[in-house]
Structure formats: structure tokens, C-alpha cells
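Residue numbers (full-length UniProt numbering): 1 to 362.
Heads up, the beta-carbon is just placed ideally off N, CA and C, and yes, glycines get one too.
Structure first, commentary second.
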């Protein structure tokens with residue numbers, strides 16, 4: 001037995017494979033290198049869900065049906081309890097998702113895919129004292145998310161950047177939130193219950209919650225010249241460098257490069273703070289050199305959180321919403337895993353080893 005179930009095989013899946021030694025992520029037989037930057041959110045959603053809900057799920061048809069689903073779930077925003085506005089965005093989003101009916105059919109799936117995409121921008125606008133923007137059924141999921149957030153139709157570069165992010169984080173093996181979704185699905189609870197369990201797993205700081213602190217680190221460093229001294233001082237204080245290291249990857253996280261590349265068109269189009277990106281790249285290089293020096297026996301490289309923070313910031317999302325945006329992208333993976341587990345039909349019921357005191361002998 002290993003605490004944390006490290007290296008324990010708990011499921012067979014056809015959805016994704018994470019190779020931490022090679023730095024490779026495969027989603028349904030397709031390498032992330034081929035998906036990121038060339039596929040839309042609808043493309044990867046159709047890829048992950050194909051055969052699990054309907055015999056053949058077409059991306060263009062999914063886009064059309066998702067547009068109508070966004071319109072449907074927007075009704076929940078109009079009747080939302082105002083007390084939700086006092087909650088962190090991801091908690092308010094989760095509370096709204098909990099209002100959706102449970103089930104395992106395609107309509108349930110469409111509502112669950114649409115709901116976070118609608119609820120998060122609406123909550124953010126309401127918390128700013130602004131009116132929520134009604135969805136546009138004719139737009140893609142990524143385009144409409146950004147439009148509902150800002151009130152303005154985004155540029156093609158911005159839509160492509162969000163598409164790349166949502167594709168990149170759509171699924172990633174049996175992580176904490178995905179495992180939670182499979183455990184709930186194994187009881188034959190519906191998909192809404194599985195998704196709610198998965199969102200709840202994001203509440204803890206050890207899963208899905210590091211992008212914001214990356215920006216705090218960059219703010220603290222301030223300039224390229226200060227990168228080395230600041231990082232040395234942070235390590236001397238025993239602090240962790242945010243955006244570096246991963247539980248599975250022993251080499252560079254392939255998702256980090258996908259997101260770094262997604263920022264380049266935004267920089268070229270003048271739609272992102274170029275000096276901010278230059279600072280991040282300087283910090284990346286300095287951190288890699290310092291970590292190699294300080295921890296030569298422990299491979300630490302850039303992870304997905306580092307460039308996630310920069311990309312989401314450039315698209316206008318506030319830091320406290322980053323976990324919610326992650327949930328928007330990962331929901332399709334949670335649903336796919338929940339369906340795969342439900343179709344397997346076996347209740348997840350591991351055993352524990354009792355290490356407490358024994359009763360006294362009579």
C-alpha cells in the first residue's frame with residue numbers, strides 16, 4: 001500500500017494517457033501536440049465523449065447543440081440567490097450547477113458542458129455590479145465565454161487562445177477530481193452528482209489551484225533583473241516556486257509548451273502585455289537554472305500552471321476565477337470518465353488497513 005495511492009492502478013481507461021517520463025499526453029489516441037493549437041473545444045469534447053453518450057458525436061453538431069444548451073441554463077442565472085455573489089466564483093458556480101437535474105442522457109451532458117461556461121462569466125459580472133450577458137447560440141463555446149465575460153466579441157486570437165487552454169486541460173489521467181467523479185459514478189449517481197464532486201475536489205490548494213499564485217510571484221519579482229535574487233531568496237525561505245514541478249511529470253509538462261505557444265499570436269497582435277510575457281520567460285529561465293543547481297537530484301521543470309496564469313490573465317479573467325475556468329475545460333473529461341466508469345458497472349470499494357488499538361483481551 002502507498003499513501004496517496006501513488007502508482008496504484010485504479011481503472012482502465014481509453015480516454016487519456018499521461019507519460020510522466022517522456023513528457024507526453026495522449027487523448028483518445030491523439031497526442032496533445034496535434035490537438036493543441038489546431039483543435040477547438042468542441043473538437044476535443046466530441047473526441048472524448050464519442051461512443052460514451054451517443055454512437056457518433058460530431059463536433060459541428062455538438063457546437064450547435066451546446067449553443068442551445070447555454071441559452072437553456074442561462075435561466076438559472078436570472079433566478080440565482082444573491083447570496084451566491086458573496087462566495088468565491090468557483091463556489092458560486094458549483095452552487096448553480098447543483099440546481100441542474102441529474103441524469104446520464106445527452107441532454108444532461110449538454111447542460112453540464114454549457115453550465116460552467118455560462119455561470120462563471122455571469123457570476124463575475126454580477127460581482128462587479130454588471131448585468132450578465134445572455135449567451136449567443138450561434139457562437140462557439142470559447143467565443144461565447146469571452147463575450148459573456150467582457151460584453152464584447154473577442155478577437156480570433158483570443159478565441160484560439162482559450163480554445164487551446166480548454167483543449168489542453170480537458171483530461172489528464174486519474175487526478176484527484178477525475179477520480180472523485182469516477183467514485184461517484186460507480187454508485188450509479190447521475191452525471192450532475194459526479195461533476196459536483198469533481199468541482200468540490202478543486203477547493204483544496206493541491207489540485208487545480210496554483211495559477212493565481214504564479215502571478216503573485218511575478219508581481220513580487222517585478223523586473224527581469226530581479227528574477228535571480230528573488231528566486232534564491234524564496235528558496236532560502238523554504239518556499240515553493242509556483243509553476244514548477246509536477247506529481248507525475250519528471251520532465252517538462254507538455255501542456256506548458258502548448259500554452260506558451262498559444263500566447264505568441266496574442267503578443268504578435270498586440271493583445272497582451274509583451275513586457276509581462278518577457279518577465280515570465282526570464283523568470284522561467286532563471287528558475288530552471290536555480291532549481292537545477294539547488295536540487296540536482298530532483299527533476300523540476302515548468303508545469304501547466306505557469307503559462308495558464310499568463311494566458312488567463314491576458315484573456316481578462318481575474319485570479320480568483322482561474323479555478324472556475326479550469327472547471328469549464330475539465331468538465332468534459334469528468335463526464336467522459338464518469339460515463340466510462342458507469343458503463344464498467346463495478347462499484348469502487350477499496351479496503352483500508354486498520355492501524356488503531358485493539359480491544360483488551362477478556
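- Annotation: residue 81 is outside any beta strand (DSSP E) and is labelled neither H nor E by DSSP.
- The C-alpha of residue 71 lies about 32 Å from the C-alpha of residue 304.
- The C-beta of residue 187 has fewer than 16 other C-beta atoms within 10 Å across all chains shown, which makes the residue exposed.
- Secondary structure of residue 25 (DSSP, three-state): strand.
- Within a 10 Å sphere around the beta-carbon of residue 9 sit fewer than 16 other beta-carbons, which makes this residue exposed.
- Residue 286 is a Cβ neighbour of residue 228, given a cutoff of 7 Å.
- Counting the other CB atoms within 10 Å of its CB gives residue 233 a total below 16, which places it among the exposed residues.
- With contacts defined as CB atoms closer than 7 Å, residue 100 and residue 178 fail to qualify as a contacting pair.
- The three-state reading of DSSP puts residue 301 in coil, since its state is none of H, G, I, E or B.
- Bounds of any beta strand (DSSP E) do not take in residue 140, whose DSSP letter is neither H nor E.
- The DSSP-derived three-state label of residue 253 is coil.
- In the DSSP assignment, residue 17 forms a beta bridge with 26.
- Linking residue 275 to residue 258 through their CA atoms gives a straight-line distance of about 20 Å.
- Within its own chain, the residues whose Cβ lies closer than 6 Å to the Cβ of residue 153, once the five positions on either side in sequence are excluded, are 147, listed in chain order.
- About 6 Å separates the Cβ atoms of residue 124 and residue 149, confirming a contact at the 8 Å cut-off.
- Beta-bridge pairing by DSSP links residue 244 to 302.
- Annotated as proximal: residue 231 and residue 290, with beta-carbon spacing under 7 Å.
- Contact between residue 185 and residue 14 is absent: CB atoms are separated by about 15 Å, not below the 8 Å threshold.
- Remark: C-beta atoms of residue 6 and residue 250 do not approach each other more closely than 7 Å.
- The C-beta of residue 56 has fewer than 16 other C-beta atoms within 10 Å across all chains shown, which makes the residue exposed.
- Excluding residues up to 5 positions away in sequence, 320 lie with their Cβ nearer than 7 Å to the Cβ of residue 88 in the same chain.
- Taking residue 246 as the centre and dropping the five residues before and after it, the same chain places the C-beta of 253, 303 closer than 7 Å to its C-beta, in chain order.
- Sorting 350, 314, 126 by C-alpha distance to the C-alpha of residue 157 places 314 at the top.
- The DSSP assignment places complete alpha helix (DSSP H) segments of no fewer than 4 residues inside the stretch 52-125 at 59-78, 89-97, in order along the chain.
- Nearest Cα to residue 322 within the set 312, 59, 54: 312.
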